[in-house]
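Sequential numbering from 53 applies to the sequence shown in our numbering. Ideal Cβ placement from N, Cα and C applies to all residues, glycine included. Here is the structure we will look at, set down as C-alpha cells.
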Amino acid sequence: MSRSILYTSSPLLASKTPVWRSKFIVAAIALAFAGLAGRAAYIQIIGNDFFQRQGQVRFVRTLELPANRGRILDRNGLILASSVPAPSIWAIPEDVEASPAQFVELARLLEMPLAELRKMLGDDDKTFVWVKRQVDEPVALKIQAMGIKGIYQRKEYKRKYPEGETIAHVVGFTNVEDNGQEGIELTFNKELSGKAGSRRVIKDRLGRVVEGIGEQVPPVEGQDIQLSVDSKVQFFAYQKLRDAVIARKAKAGSVVVLDSITGEVLALANYPSYVPDKRKNLTGEQLRNRALTDTFEPGSTMKPITVAMALEAGRVKPRTLIETGPGRFSIGGFTISDTHNYGTLTVEGVIQKSSNVGALKIAQKMTPHEMWNTYVALGYGQKPQIQFPGAVTGRLRSWKTWRPVEQATMAYGYGLSASLFQMAHSYTSFAHDGQIIPVTMLKTSEPAVGVRVFSAENAHAVRRMLQMAAGPGGTGQLAQTVGYSVGGKSGTAHKQVGKGYASNKYRAWFTGMAPIEAPRIIVAVMIDEPGDGKYYGGLAAAPVFSEVVQQTLRMMGVQPDMDVKPQIVTQAVEESF
Numbered sequence: 053m054s055r056s057i058l059y060t061s062s063p064l065l066a067s068k069t070p071v072w073r074s075k076f077i078v079a080a081i082a083l084a085f086a087g088l089a090g091r092a093a094y095i096q097i098i099g100n101d102f103f104q105r106q107g108q109v110r111f112v113r114t115l116e117l118p119a120n121r122g123r124i125l126d127r128n129g130l131i132l133a134s135s136v137p138a139p140s141i142w143a144i145p146e147d148v149e150a151s152p153a154q155f156v157e158l159a160r161l162l163e164m165p166l167a168e169l170r171k172m173l174g175d176d177d178k179t180f181v182w183v184k185r186q187v188d189e190p191v192a193l194k195i196q197a198m199g200i201k202g203i204y205q206r207k208e209y210k211r212k213y214p215e216g217e218t219i220a221h222v223v224g225f226t227n228v229e230d231n232g233q234e235g236i237e238l239t240f241n242k243e244l245s246g247k248a249g250s251r252r253v254i255k256d257r258l259g260r261v262v263e264g265i266g267e268q269v270p271p272v273e274g275q276d277i278q279l280s281v282d283s284k285v286q287f288f289a290y291q292k293l294r295d296a297v298i299a300r301k302a303k304a305g306s307v308v309v310l311d312s313i314t315g316e317v318l319a320l321a322n323y324p325s326y327v328p329d330k331r332k333n334l335t336g337e338q339l340r341n342r343a344l345t346d347t348f349e350p351g352s353t354m355k356p357i358t359v360a361m362a363l364e365a366g367r368v369k370p371r372t373l374i375e376t377g378p379g380r381f382s383i384g385g386f387t388i389s390d391t392h393n394y395g396t397l398t399v400e401g402v403i404q405k406s407s408n409v410g411a412l413k414i415a416q417k418m419t420p421h422e423m424w425n426t427y428v429a430l431g432y433g434q435k436p437q438i439q440f441p442g443a444v445t446g447r448l449r450s451w452k453t454w455r456p457v458e459q460a461t462m463a464y465g466y467g468l469s470a471s472l473f474q475m476a477h478s479y480t481s482f483a484h485d486g487q488i489i490p491v492t493m494l495k496t497s498e499p500a501v502g503v504r505v506f507s508a509e510n511a512h513a514v515r516r517m518l519q520m521a522a523g524p525g526g527t528g529q530l531a532q533t534v535g536y537s538v539g540g541k542s543g544t545a546h547k548q549v550g551k552g553y554a555s556n557k558y559r560a561w562f563t564g565m566a567p568i569e570a571p572r573i574i575v576a577v578m579i580d581e582p583g584d585g586k587y588y589g590g591l592a593a594a595p596v597f598s599e600v601v602q603q604t605l606r607m608m609g610v611q612p613d614m615d616v617k618p619q620i621v622t623q624a625v626e627e628s629f
C-alpha cells in the first residue's frame, strides 16, 4: 500500500523563499555574463593585438623553404658538386610511441647504436631533438613507412661530389647547414646558396601543420658555378702525383696546371687528399691545400728569373761568359758551392747546369732594389689574386734589409719563400712573351691581358734556356715528352727546421711549359720529402711533369711539334742547391 506524500506538510517545502534570494541569483548570473562579455570585448577589441601575438608565438610558424644549392661544374659541364634531397629526422621525445622491434629497426636504418637512440628519445623534458641530419632519401622513405608516432622529417639537401678525392681541394665541402667551408664551396658560398623561401602556417601542439596562412614566398635557387678546371686533366694529374708520392716514399706532393694563354687553372691537385662528403677522422695533412697554403724556398727554379732580370737590365746576354770555377764562392763569411766545378759557363750554361755560383755572380751585376722590383712584379711576397680561400703571400723582405750574402742566395732560391701556385704563376711571364697574366678559377674564353715584366725577346731567350735545362746535359732530362718540346727548371731545397736546415729532408720541384716555341700550358710539380734517396727535382718531380704535360696537351688537342721521340736518359744531372 503506497503512502501519499503531502508536500504542504513538509516544513522545508512549506517555508517561503525570500524574494531577494532569487533576485540575487539572477543578478549574479547577469553579472557573470557581463564579465564574460567584457572579457570577450577586451580580448577581441582592446587587447586584440596582444592575444594575436601570443597566439602566433604558440601556434603560428614560419617554415623555411630551403633553396637548392647551385652546382659546381668543370669547364666541360661535368658535375663536380651537386645537391640531392636528404631529409633530416627529428622527434618530440614525449610523444614517441614505438615498439621494441621498431626501435631496433629505426636504429639500424639510422646506423646508430640502439642505446644511443633510446637515450635520445627517452628525454621527456625536450620538445624537439634532431635524431639524424641529412639521411639518404630511400632511408627516409623507409622510416616514414614505419609510421612511428612522434618521429618527423624535414626536407633538406646534401652535397655529393662525384669526382671524390681527385678534386677535393678545389671544390671543398659544406657543413650540415649547407654552408661552404673550404674551396670553391666557401669562395662562392653566397652565389651557390641562393635565397631560402618561406611559408607561414598554423601548427598544433604536436607540430603538425593545420592551416597555411598568407602568401608563400618561393625560394630562389642557387647559381651554378663553372670552373676553369678540366676534370680529366685534374684526374690524370692527381693520379700521377699520387703514384709519384707513393713510389718516392714521400710525405706529400702538389701539382698545378695553368693555361698560359687565358690564365685558367686547368688542374690543382694535392696528395694526400680526402673524399669531400666522407670526412670522418680527417687530419690536417689531408685537408691542407698545399699548392696554395704551403710556402717553401724555391731553390733552383728561381734561377731563370735571376737570368731574366739581368737580361732585361742589359747586364748580360745569353752568351755572356760567367766564371764559376772552382765550383765555390765565399761571401760574407759563407761559402756557396756547386755540385761540380763547371769552370766557365755561358749564361745559358748557368741555367742548363744549374750553377749556384753562376747565378749569384749574375745577381751581383744588379742592385737589390732592381731584383726586389722584379720579384714583386712577378707576384712574390703578395697574396695571389685568385678566387680561392687560403692563398698565402709567401715571404719577401724589403730590399733595404738585404745583406750581400742574402742577395746572392736569393739568386738561386734561398732567402725568400713562395707557394707552388706562385711559382707557376710567375712562369707565365716566360710563356706569355714577357707578360705576367692574371690567373682564374672560372672558365673564360678570352686571352688574358697581362702586365709586361720582360721583353718578348728576353722571355724567348729564357725559354730556350729552359729547353736546354730539360734536354741533354741539363738537370731536368726526365721532363722530356713524346711528341712535344718542353722547357723547365728543376729545383731541390733543404727543408727548414727551426732556424736551420735539415740535412736529410728536401723538397723537389719542377716548373716548366710546353710546347716551348708557343707555350700552351705551364705545369709546376712539388714532391715533399722524397724518402727513397731520389730527392733531386730532376728525379722526383720532372717525371710527373713529363706525364702531365703529354696527357694534358693531347686532351687539349694541341698538335705535336716534334716528329721523333726525344732521347730521355735514366738519370738526371745533379743540381746545385
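**Study point:** For T376 and W451, the rounded distance between their alpha carbons
**Key:** 26 Å
Point to revise | Where F348 falls: helix, strand or coil (DSSP) | key: strand
Point to revise | Cβ pair L318, T604 closer than 8 Å | key: yes
Point to revise | Counted within 10 angstroms of its Cβ, other Cβ atoms place D177 as buried (16 or more) or exposed | key: exposed
Point to revise | Where M520 sits in the DSSP three-state scheme | key: helix
Exercise for review: Could you tell me whether the region 308-318 touches the region 563-581, using the rule of 3 or more Cβ pairs below 8 Å?
Suggested key: yes
Review point. Nearest-angstrom Cα distance between S633 and F225?
Key: Since the first residue shown for the chain is 53 and the last is 629, residue 633 is missing from the structure and cannot be characterised.
Point to revise | At least 3 beta-carbon pairs within less than 8 Å: the region 509-527 vs the region 540-557 | key: yes
Practice item. Name the residue from L412, V359, A362 and K557 whose alpha carbon lies nearest to the alpha carbon of I383. Key: L412
Check your understanding: DSSP on G564, reduced to helix/strand/coil?
Key -> strand
Check your understanding: Can you check whether the CB of G590 is closer than 8 Å to the CB of T527?
Key -> yes
**Study point:** Cβ-Cβ distance between N510 and E364 below 8 Å
**Key:** yes
Point to revise | Sequence-distant residues of the same chain with beta carbon closer than 7 Å to P70, five excluded per side | key: none
**Study point:** Integer Cβ distance of M608 from Y536, believed to fall under 8 Å
**Key:** Rounded, the Cβ-Cβ distance is 11 Å, inconsistent with contact.
Check your understanding: Since P190 is in the alpha helix (DSSP H), which residue starts that stretch and which ends it?
Key -> E189 to M198
Practice item. Could you name each continuous alpha helix (DSSP H) segment of 4 residues or more that falls completely within the region 130-198, going from the start of the chain to the end? Key: 152-162, 166-173 and 189-198
Point to revise | Candidates S507, A594 and L88, of which the one nearest L530 by Cα | key: A594
Review point. Which residue's Cα is closest to the Cα of V223: N322, A566, E208 and G351?
Key: N322
**Study point:** Spatial neighbours of V368 in its chain, beta-carbon cut-off 7 Å, leaving aside the 5 residues before and after
**Key:** A362, V399, I414 and K417
Exercise for review: Below 6 Å CB to CB, which residues in the same chain sit around R294 once its five sequence neighbours on both sides are set aside?
Suggested key: Y323
**Study point:** At least 3 beta-carbon pairs within less than 8 Å: the region 456-469 vs the region 232-245
**Key:** no
Point to revise | Selected residue, minimal CA-CA separation from G433, among P441, K405 and S469 | key: S469
Review point. Tell me, which residues are paired with I81 by DSSP?
Key: Note: I81 sits in no beta bridge, so no partner.
Check your understanding: Looking at the structure shown, is Y553 part of a helix, part of a strand, or coil, going by DSSP?
Key -> strand
Practice item. Tell me whether E234 sits in a helix, a strand or coil according to DSSP, three-state version. Key: coil
Check your understanding: Going by alpha carbons, who is nearest to E217 out of V327, D276 and Q278?
Key -> V327
Check your understanding: beta strand (DSSP E) containing T226: first to last residue?
Key -> Here T226 belongs to no beta strand (DSSP E), and DSSP marks it neither H nor E.
Practice item. Report yes if the C-beta distance between Q404 and G525 is below 8 Å; otherwise report no. Key: yes
Check your understanding: Three-state secondary structure (DSSP) at G379?
Key -> coil
Exercise for review: Determine the DSSP secondary structure at A304, reduced to helix, strand or coil.
Suggested key: strand
Point to revise | Residue burial classification, H477 (beta-carbon count within 10 angstroms, cutoff 16) | key: buried
Practice item. Using the Cα positions of A138 and A220, report the straight-line distance between them to the nearest angstrom. Key: 21 Å
Check your understanding: Under the three-state reduction of DSSP, which class applies to D295: helix, strand or coil?
Key -> helix
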